[in-house]
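Residue numbers (UniProt numbering): 1 to 814. Where a beta carbon is used, it is the ideal one built from N, C-alpha and C, also for glycine. This one's a predicted model, so the numbers in the text were calculated from it and none came from an experiment. Just below is one structure, and these are the notes that go with it.
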Ligand code: ADP
Ligand code: ZN
Ligand code: ZN
C-alpha cells in the first residue's frame, strides 16, 4: 500500500501538494508537522502536513519527502481549520496564510549556492554577464543567488544562471539551514559517582594538591546548598572559580557540563500592583460577565480614561484561574511597552509578548510556550499576527481599540482583519471576545444593534475626572483678522502659554495623511517627482533629502531647480517638522519634540520619547496618529488639533468615521488626573457635523448619520466590498486587461461593479495600476460571489496577453 501526505508549501499557489512517504513515516507523521520537500527542479521548501492518505495523485508522480523536521505537530488542528477559513474568506492561498502565520525561523531557508563546475575553464564561450559570474567564482568558491544579483546589479539573474548551467559552467547546490537556535545556558554538575558522601571525601582528598580545583568543588557545593537549583557556569565563575579551573575539572570527569534553554523574555511581578475596581467599573465588569452568558462577542464601549485596562485585567484573571489561555490584541506594537508594564506588574511571568520586532528565536520561544500551554504564556499580548499562535485552550480574546484600522493587514496576503478573524477563532475554541473602544467601529456597533453582539457601556472616567473642555477655533476667521502665526492661531498660542505656565504639558496633533512636505521651484513651479512612481517626493529636513514614500528612491535636496535651474526653491507642506520649527520660534525656552517615523526608528524609539514625556523632560509633544492610540500621560493640560479639516476630506468612505474617532481619541489624552483638560480644535469648518459631534461627545449622532450615508451609497455594513487591483508595466496591456475583467464581472456577477479606476497614485515602482470594486449586498451569498470572482480571475490568467498582469484581491478593503 502506498502512503501519501498533502503538504502546504509557503507559496501563493492555490493547491496543496502530494508527497510520497513510507509506512513508518505514515505512522509517525501527523497533520501540523513540518517536512522538508523537494519542489521544482532544485528547490527545497519547508512544507506543512495537512493530511495523511493513500490516494496517489492523478496528474503527477508524487516525489518523496527529504526529511521530517518535527517530532510533534507545531501547528494545531484548530489552526489548520482557521487558516482554511482565512484563505477562503480573504481569497488567498493556504500557502500564503501558512507563510505569514508561522515565524520565519520555522521556515527553513533554501538558499541556492552556486559553484564552478569542476573542469570548466573555457571562459571564451560566455557572454559578458556570464563572464562576470565566472570571474567572481574564480575569487570566491561559492556564491549565493543574492550575491550574483549584486555582482550583475540586477534582479532577474536566473536566466543568466540558467544559460551558465546549460553550458555546464556552474552547478547549484541546495543547502537547508535550520535557522532557529534556542538560547541556552551552560550548567555544571558533579558526576554521579561523586554524589555519595564517602566519595566526596575521597574526591576532596584526590584534589588536595590541586588547591584551586578543590576550592571550585567546594564553591559548587555551597552554591547548590544555598540555592537548591542547578548551578550555572556563570554563577560559579561569579563566585570565584575561574573558567580554566572549571574546564580542567570537566576534563578530569569530575564536573559534567550540560545546557538548558533559557527564556529570553522574563517579567517580574510587582507587589504593589493590586487595585480595586470603582463601583462603576465593577458594574461594567459584572455587565460583561453576564453579557458573555448570552453573547460570545461583547462590545465594551468605555470612554477614554474610564479604566478599561483594569477591567480587562480582572476578567483575564478569571480565565487564567480556570486554566484557560488569553489573547490580548493591540492595534500597534508601539503601545505594548506601557501595557506590558501594566499587565506584568499584575500577572508577572505569566505574560508573553509576541512582537514583530523580537528576533526569530524569541518568537519561536513564545510559539512553543503557547503550544505547550505553558504557565509562561497564559496571557499573550501582541498585534494582529499573535492571532496565529498555536493556542490550545483559548478562553478569552481582548481586542483593545477595536476600531483601529491597523487590525487590517493590507499587504501582503492574507489581507485579513484581525478583529474579524479573531471572532472566528474564538468560535472554534468556544472562547469569548471582548471588543473594547471609546469610539467603536460602525460595524461593531451595528452588530450590537442587530442583536449579534452584546453591549456594555462605561460613560464615566476613572476617578471622576471630568471630560475635557472642547474649544473650536475658526481658522478662516483668524486668517482674515491676521491672527495666525504660521499654523498657530493666537488663541492656541495663548492656551499653550497658559498651560505651560501652570506646569502642565501640551500635545499637538497633526494628521499625517496627505500632508507630506515637498519642495517647489518658485520660478517655474516645478515639484520634483519620483521617476518610478506617480508621486511627488517628500522633503525630509533632518536628512536634507527628498524621498519617495512608495519605493526606495531618494536624492539629496536639490540646490537648484532641475527644470529651470533657478535657485529659488522653497519647502511646502505641513509636516510635524515645520510645526516643531514654528514652536521653537514661538516658545524658544520650551522643549518640544516630535514623535513620528523619523524620530522613532529602532526597537526603543517610541519608548524613549514616551518615557521622556512621562518624566516631564518634554513640554510639548508633536505627533501624528500614533498619539491617538491609548497612551497614558497624567500631566497633559492641553491637546491641540492643528488642522481638523485634513482628516475630514480624505477620499475614503470612512473618512468621517475616522475623523470622529481620531479626534475623540486624541482629546482623550487631555486632563487625565485631578484637573480638567482642554482640547482646542483649529478648523475651517466649525459647523461641520463631525466637528459638532466631537464637541458634543455625540457618538450616537455620528453613528446614525454615517449609517444613513453608508446605506445610500452602498457601503459596509450594507454592502461587502471586494477590491481587485491589477498592475503591469505596460500601460495599454493593463488598460485592456482591466477592461476585459470589468466587462466579464459587470455582465455576470449580478452585483454593482465599479471601475476600472485609475487610483490617485496610478503608478508605483514603474508599474501602472487599475482597480475594480465589487459591492456585494448583504442578502447576496458571499461565498458564491467570491467563487465566481475567482473563476473570472482564473480566466483572465488564462489569456496569454494578460497573464503577466499581477492581480491582488482585497476582501473588506478598509
Ligand atoms: P482607558 O483604557 O479606558 O482609557 P485606563 O485603563 O488607562 O483607561 O485608565 C485610566 C487611568 O486610571 C490609568 O492611569 C489607570 O491606571 C487608572 N485606573 C483605572 N482604574 C483604576 C483602578 N480601579 N484603581 C486605580 N487606578 C485605576
Ligand atoms: Zn517611488
Ligand atoms: Zn524651476
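When secondary structure is reduced to three states using DSSP, residue 207 falls in the coil class, being assigned neither helix nor strand. Judged by beta-carbon spacing, residue 590 lies within the 8 Å limit of residue 620, meaning their Cβ atoms are closer than that value. Contact between residue 115 and residue 141 is confirmed by a C-beta separation of about 6 Å, below the 8 Å threshold.
Apart from the 5 residues on each side of it in sequence, residue 567 sits with its Cβ closer than 8 Å to the Cβ of 559, 560, 561 in its chain, given in chain order. The beta-carbon separation of residue 805 and residue 726, rounded to 5 Å, stays under the 8 Å limit for a contact. Straight across, the Cα-Cα distance linking residue 324 with residue 113 is about 47 Å.
In the DSSP assignment, the residues bridged to residue 144 are 113. Using a Cβ distance threshold of 8 Å, residue 18 and residue 4 count as a contacting pair. Per DSSP, the continuous alpha helix (DSSP H) segment holding residue 314 begins and ends at 308-321. In the structure shown, residue 474 adopts extended strand secondary structure according to DSSP, grouped into three states. Within the same chain, and ignoring the five residues on either side of residue 295 in sequence, the residues whose Cβ sits closer than 7 Å to its Cβ are 453, 454. The DSSP-derived three-state label of residue 437 is strand.
By the neighbour-count criterion, in which 16 or more other beta carbons inside 10 Å mark a residue as buried, residue 810 falls on the buried side. The Cβ atoms of residue 640 and residue 595 lie no closer than 8 Å to each other.
Here residue 400 is buried, its C-beta having at least 16 other C-beta atoms within 10 Å. Each of 557, 551, 84, 532 was checked against the Cα of residue 543, and the nearest Cα belongs to 557. Counting the other Cβ atoms within 10 Å of the Cβ of residue 55 gives fewer than 16, which makes it exposed. Taking a C-beta distance under 8 Å as the contact criterion, residue 9 and residue 35 do not qualify as a contact pair.
Ligand 1 has a heavy atom closer than 7 Å to the beta-carbon of residue 281. Residue environment for residue 403: buried (at least 16 other C-beta atoms within 10 angstroms of its C-beta).
In the three-state reduction of the DSSP assignment, residue 58 falls in the coil class, being assigned neither a helical nor a strand state. Taking C-beta atoms as the reference points, residue 367 and residue 343 fail to come closer than 8 Å. In the three-state scheme derived from DSSP, where H, G and I count as helix and E and B as strand, residue 800 is classed as helix.
Comparing alpha-carbon positions, the option among 75, 777, 756 lying closest to residue 771 turns out to be 756. Counting only runs that start and end inside the region 453-509, the beta strand (DSSP E) elements of at least 3 residues fall at 454-458, 469-474, 505-509. When secondary structure is reduced to three states using DSSP, residue 810 falls in the strand class.
Membership of residue 337 in the alpha helix (DSSP H) is indicated by the continuous run 336-347.
Sequence-distant partners of residue 314 (beyond 5 residues in either direction) whose C-beta falls short of 8 Å from its own C-beta, in its chain, are 277, 285. Distances from the alpha-carbon of residue 697 to those of 676, 675, 663, 730 put 663 closest.
If you check the C-beta of residue 310 against ligand 1, you find a heavy atom less than 7 Å away. Closest by C-alpha distance to residue 799, out of 189, 764, 734, is 734. In this structure, the CA atom of residue 74 is about 7 Å from the CA atom of residue 371. Less than 8 Å divides the Cβ of residue 690 from the Cβ of residue 702. DSSP places residue 768 in the uninterrupted beta strand (DSSP E) bounded by 767-777. Listed in chain order, the beta strand (DSSP E) elements of length 3 or more contained wholly in the region 539-574 are 545-547, 554-556, 569-572. In this structure, residue 711 has its beta carbon at no less than 7 Å from each heavy atom of ligand 1.
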